[in-house]
């Protein structure tokens, strides 16, 4: 069965600290896609990244980086030098190659304290 | 502006009174989906549609219906709402999932309260 686990329910950090949000997934498929979304206090869902299972290279986008490790079925998200605007709920999601269904984790609520 | 719109944004209703939440996208996307978001449970998929006239159940379809008569619209129907359907609902669309799941773009959400 497909499953996404975000074990960290809430995290608080002080501004400028680095923070890593964990995402562990389960799937029987060899081809699948992983996603991260951000939900700021205003409530909308903002796409951050899409990664397929064949691409294990880590990705960096500004202060954001993602570490994909198939060996541990993890797709962790790191924010470097956190800012107050990073305060949000972050969701990790999984979809298999057929692309019909999406499975979201329960989310991690990040608070960045000024 | 490319977007997914949902109406209404907020709705308070009573048990058993049929309601429809509309969803429309202007991006010519083939794939559309409905989710509900509940505290501690994240987002759970209710129904999805790969294209016009093609719909299928997600993880939590009980108590909901959908239809996809046109590419741009994907309404969510609650025939007889119950209090356990009080939730935040999101509609999403993506270009196509034929070659693997594409990035979904979400509507602004509909907060539904069933008394």
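Protein chains in written order, with my numbering: chain A, 35 to 148; chain B, 19 to 133. A virtual CB, placed ideally from N, CA and C, is assigned to each residue, including glycine.
The DSSP-derived three-state label of residue 74 of chain B is strand. A direct Cα-to-Cα measurement between residue 83 of chain A and residue 100 of chain A gives close to 9 Å. Around the beta carbon of residue 130 of chain A, a 10 Å sphere encloses 16 or more other beta carbons of the protein chains shown; the residue is thus reported as buried. Judged by DSSP in its simplified three-state form, residue 37 of chain A adopts strand. For residue 127 of chain B and residue 61 of chain B, the gap between their C-alpha atoms comes out near 12 Å. Between the segment 82-89 of chain B and the segment 26-35 of chain B there are fewer than three C-beta pairs closer than 8 Å, too few to call the two in contact.
Only those residues of the segment 85-96 of chain A whose C-beta falls short of 9 Å from the nearest C-beta of chain B are listed: 86. Along the length of the segment 85-111 of chain B, whole beta strand (DSSP E) runs at least 3 residues long occupy 94-96, reported in chain order. Burial is judged here by how many other beta carbons sit within 10 angstroms of a residue's own beta carbon; residue 94 of chain B has at least 16 and is buried.
For residue 115 of chain A, DSSP records no beta bridge to any residue. Between residue 112 of chain B and residue 141 of chain A, the alpha-carbon positions lie close to 22 Å from each other. Taking the CA atoms as reference points, residue 74 of chain B sits about 17 Å from residue 120 of chain B.
If you look at residue 68 of chain B, you'll find it in the beta strand (DSSP E) that goes 60-69. In the DSSP assignment, residue 140 of chain A falls outside any beta strand (DSSP E), carrying neither H nor E.
Interface flag for residue 43 of chain B against chain A is unset, since no Cβ pair is found closer than 9 Å. In this structure, residue 108 of chain A sits away from residue 52 of chain A, with a CB-CB distance that is not shorter than 9 Å. By the neighbour-count definition (other C-beta atoms within 10 Å, threshold 16), residue 63 of chain A is an exposed residue. Residues of the segment 65-96 of chain B with a Cβ closer than 8 Å to any Cβ of chain A, in chain order: 66, 68, 74, 76, 77.
In the three-state scheme derived from DSSP, where H, G and I count as helix and E and B as strand, residue 120 of chain A is classed as helix. If one requires a minimum length of 3 residues, the beta strand (DSSP E) runs lying completely within the segment 27-51 of chain B are 28-31, 37-43, in chain order. When secondary structure is reduced to three states using DSSP, residue 54 of chain A falls in the strand class.
Pairing residue 132 of chain A with residue 66 of chain A, the inter-Cα distance amounts to about 8 Å.
Of B/41, B/36, B/67, B/35, the smallest CA-CA separation from residue 48 of chain B is found for B/67.
Straight-line spacing of the CA atoms in residue 134 of chain A and residue 50 of chain B works out to 10 Å.
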